[in-house]
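When the count follows full-length UniProt numbering, it moves up by one through the sequence shown with no breaks and lands on 427 for the last residue.
The beta-carbon is built from N, C-alpha and C at its ideal position, and this holds for glycine as well.
All values derive from a computational prediction rather than experimental measurement.
Okay, so here's the structure we're looking at.
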Amino acid sequence: MAASLQQQQQKNGVIMEETQTIYSTYLGVSFAVFLSLLPDNVMSLLPTLQSRNHYLLHRLRKAEEELFELRSRRQEDSKANARVVEIFATHRNAWQQEERRLLRRLDESAEEISRLRSRLSEVETREAQLLAESDDLRREVGERDELLNFMSRHKTHEMGEAGESESVSGEERDWGGEDEGNGGVKLMFGNLGNGDYNDGFDPNYLSSGSKFWGEPRSPPNLWQDMQYDSIEPAHHVKHFVVRRESPWKIDGESTGVPSKLKVLEEELLNLEKVGRSNSPKVASSMRKQAKRYQELSGKIDDLCRRMQAIDPSEPTMSSEFRSQRQTEFLLEAFQLQQRASETGKKLMALQTEIYTSCIGDELGVETKVAMKRSLDSIRTNFKEIQRNLEVWLARIMGDLEGILARDGASRSRDYFCPRYPYVNSYS
């Protein structure tokens, strides 16, 4: 069996050798026939073909190099793409975590909003309760003021019938000059309980069906170590008080500032006539100072007009609104006082500049005397205007502070005094 296979392989080898020999012979004969059939000028084209062959080989090598470079670049790009995909995956994880965190914060914010809304509803409910309580307090204060006014009118009527008007007027003058906050109420109610068995009330005023009012009373002093002021102690007894005019009811002409400004303007014109070419800068500074005083006086006058429009003794005005307006007026007066102080400092600087610049050696004796007299008059007018404005503002601020302190003290006593402190029942 093995021998037959070996013989078969040898036969195949011989056949292949014969086939290769035939192919080689055929190719050689074909090439020889091809060369014999070529024209004569073909040999001259052989160098051209060889050069073209070299060119094609060069391009082939270059193409192979570019292909190799493209393959390497492709590999680098694939690596870079893989890196980008990895980075993007990392960022995507971070973005997902951030998204989850924001969603949690959104849920927390929604819970916070719901909690704040519930608190807001509670605050609104509390506000409604406070408003209701404030309305009750205002109603109680109104009732208390009505009772106080009734007692004051009734007591005044009895005192007028008894012929005690002279003693009362003397006490009122003392009260108006010394203490406007507490004396008025003490004057009105000072004699209660000294033999007045019905506490100053008309018997028809008391309700017959009320057990509280119907209980018997004994004549001891009803106040019993208690001092009480109403919310507006001086508003409804204004006709009792003899006092000076409020500073905001005084116009600018009454203070003398406008007239002094007119005199100052004339003196400045006279000074310019006396020393025409001497120190025009100082004359301009004095005119600016006069203009400052004129503007300040106008602002104070405007403040007084606005304060006159709101009468502090108006009974229909609420105490909160009145206190707020009085506080605003006080702050504005304080700002005007600061401005007046700054204007006074500028006046002091201007005085030193006047005497060092206006009177020179080139002037004559008579001119110097006239200028010195005019400058002294101008300085005096400036000082008087400054003093009048400061006094005017001080009076306004003092009056406002007194009103605010009186109202504040009255309101603070409401927290410590019971309802209707002037009514006591005795068993």
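Check, Outcome
"Rounded to the nearest angstrom, what separates Arg52 and Ser44 at their Cα positions?", "14 Å"
"Anyone know if the C-beta pair for Lys288 and Asn381 falls short of 8 Å?", "no"
"If I measure Cβ to Cβ from Gln96 and keep anything under 8 Å in the same chain, skipping five residues before and after, which residues do I get?", "none"
"So, does the segment 370-385 touch the segment 322-334, judging by three or more C-beta pairs under 8 Å?", "no"
"Can Leu404 and Leu330 be called in contact, C-beta distance under 8 Å?", "yes"
"With a CB to CB cut of under 7 Å and the five nearest residues on each side skipped, what residues in its chain are close to Gln351?", "Arg379"
"Suppose you measure from the CA of Leu120 to the CA of Leu137; what does that come to, to the nearest Å?", "25 Å"
"Go to Asp302, then tell me how far its alpha helix (DSSP H) extends in each direction, as first and last residue.", "Pro280 to Gln308"
"With DSSP as the reference, label Pro39 as helix, strand or coil.", "coil"
"Quick one: Cα of Leu116 to Cα of Glu133, how far?", "25 Å"
"Closer than 7 Å by C-beta to Ser374: which residues in its own chain qualify, once you throw out the five before and the five after it? Chain order, please.", "Glu267, Asn270, Leu271 and Val274"
"Which residue wins for smallest C-alpha separation from Ser319, given the options Met348, Leu296 and Val141?", "Val141"
"Going by C-alpha to C-alpha distance, which of Thr90, Glu76 and Asp376 sits closest to Met286?", "Asp376"
"With distance defined between alpha-carbon atoms, name the residue in Val365, Ala394, Leu57 and Leu400 nearest to Gln338.", "Ala394"
"My assumption, with CB atoms under 8 Å, is that Ala349 sits in contact with Met397. Please give the rounded CB distance.", "Ala349 to Met397, Cβ: 26 Å. No contact."
"Contact check, Gly256 vs Asn388 under 8 Å by CB: the rounded distance?", "6 Å"
"What does the Cβ neighbour count give for Asn194, buried or exposed, with the cut at 16 atoms within 10 Å?", "Unreliable positioning characterises Asn194 in this predicted model, as indicated by a pLDDT of 41, which lies under 50. The coordinate reading is nonetheless provided below. Exposed, since its Cβ has fewer than 16 Cβ neighbours within 10 Å."
"Measuring straight from C-alpha to C-alpha, what distance separates Leu56 and Ser24?", "28 Å"
"Which complete beta strand (DSSP E) runs does the segment 55-86 hold, if anything under 3 residues is left out?", "none"
"Whole angstroms are fine: how far does the CA of Gln75 sit from the CA of Asn93?", "27 Å"
"Once you ignore the five residues that flank Lys262 on each side, which residues in its own chain have a CB closer than 7 Å to its CB?", "none"
"How long is the line joining the alpha carbons of Asn81 and Leu70, rounded to whole angstroms?", "16 Å"
"Could you tell me the alpha carbon to alpha carbon distance between Ala2 and Ile15, rounded to whole angstroms?", "20 Å"
"With 16 as the cutoff for other CB atoms within 10 Å, does Thr48 come out buried or exposed?", "exposed"
"In this structure, does DSSP put Ser318 in helix, strand or coil?", "coil"
"Using the beta-carbon count (16 or more within 10 Å), is Ala283 buried or exposed?", "buried"
"Report the three-state DSSP secondary structure of Gly344 (helix, strand or coil).", "helix"
"Check Gly398 in the structure and name its three-state DSSP category.", "helix"
"Taking the straight line between their C-alpha atoms, what separation do you get for Ala290 and Ile310?", "31 Å"
"If Leu296 and Ala340 are in contact, beta carbons under 8 Å, what's the gap, nearest whole angstrom?", "6 Å"
"Taking Leu264 as the reference, which of Glu384, Glu98 and Lys345 has the closest Cα?", "Glu384"
"Taking Cβ to Cβ, would you say residue 433 is nearer than 8 Å to Gln294?", "Only positions 1 to 427 of the chain appear in this structure, which leaves residue 433 out of reach."
"Given this structure, state the Cα-to-Cα distance separating Gln308 from Asp301, to the nearest angstrom.", "11 Å"
"For Val84 and Leu67, I'd like the C-alpha separation in whole angstroms.", "25 Å"
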